[in-house]
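Written below as structure tokens is the structure these notes are about.
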Amino acid sequence: TWQIYNPIRLMHSACIQNLFVAGTDTTSITVEWAMAELIRHPDIMKQAQEELDAIVGRERLVSESDLPRLTFLSAIIKETFRLHPSTPLSLPRMATEECEVAGYCIPKGTELLVNVWGIARDPALWPDPLEFRPARFLPGGSHADVDVKGGDFGLIPFGAGRRICAGLSWGIRMVAVTTATLVHSFDWELPAGQTPDMEERFSLLLQLAVPLMVHPVPRLLPSAYQIA
């Protein structure tokens, strides 16, 4: 029995490990982009901190249970996923039959990649697409009802359909909790006169070409940082 099922168990463990590593990489990349944008836009950073102070206070760290009430933070996360998708191209898909897409004939057997990065910067879908503008996702904003879960094809950082990213829910929560914790717990300082370098480095993942280097300054009560 062990000889029959052990390879399956090993394959299952390897699959979980690969998902975890991939999820960790994409999460850290997205959080780095979010922090770079917030540092570049101190007014948006201040608004996010004010929301966190009002909901969480300064006596404890933010928790996952706080997320549903953090409306502005949610808008920041959506805008980060839009402007800086960690995977700029979808996984390859193959056309099982000849079809037509937007007037183009796609022969059977053609491998296709969806340009997630390009779609989210299409000015026909997104006014001022290169601007970091979380307000577009707030109630009353131009894209208030748009989410990142594959139902709105103008914003598909996790893909869509049957092969949507298996770690979607986990990834969104981790990005939101990590970004909220960093924004809430610290003010962030750059060397005098410097701003984050927003040049992109394209590969399988979309990363900052120059890693973000900043200095954190605690802003909560000292007791908030104590680990029980």
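In terms of this note's numbering, the sequence shown is residues 7 to 234. Note that the Cβ used here is the ideal one computed from N, Cα and C, for glycine as well.
Check: Work out the CA separation of cysteine 111 and alanine 230 for me, nearest whole Å.; Outcome: 59 angstroms
Check: Tell me whether valine 320 is buried or exposed, calling it buried when 16 or more other Cβ atoms sit within 10 Å of its Cβ.; Outcome: Only positions 7 to 234 of the chain appear in the structure, and residue 320 is not among them; the question remains open.
Check: By the three-class DSSP mapping on this structure, what secondary structure does isoleucine 50 have?; Outcome: helix
Check: State the Cα-Cα distance for the pair aspartate 31 and phenylalanine 159, rounded to the nearest angstrom.; Outcome: 24 angstroms
Check: Considering only C-alpha positions, which residue in the set Pro98, Pro163, Val154, Lys114 is nearest to glycine 1?; Outcome: Here the chain comprises residues numbered 7 to 234, so residue 1 is not present and cannot be evaluated.
Check: Within 10 Å of its beta-carbon, does glycine 177 have 16 or more other beta-carbons around it, so buried, or fewer, so exposed?; Outcome: buried
Check: Please state the DSSP three-state secondary structure of tryptophan 132.; Outcome: coil
Check: Thinking just about the alpha-carbon of each residue, which of Ala182, Pro145, Thr33 is nearest to the one in serine 71?; Outcome: Ala182
Check: Could you round the C-beta distance between alanine 186 and leucine 76 to whole angstroms and report it? I think they count as a contact, below 8 angstroms.; Outcome: 6 angstroms
Check: Verify whether the separation of the beta carbon atoms of leucine 212 and glutamate 205 is less than 8 angstroms.; Outcome: no
Check: In three-state terms, what does DSSP make of glutamine 200?; Outcome: coil
Check: If you run the structure through DSSP and keep just helix, strand and coil, what is glutamate 195?; Outcome: strand
Check: Could you please give the first and the last residue of the uninterrupted beta strand (DSSP E) stretch that includes valine 162?; Outcome: According to the sequence provided, residue 162 is isoleucine. The question's valine does not apply to it. Looking at the DSSP string, isoleucine 162 is not in any beta strand (DSSP E), and its letter there is neither H nor E.
Check: Give the straight-line distance between the Cα atoms of threonine 102 and leucine 119, rounded to the nearest whole angstrom.; Outcome: 14 angstroms
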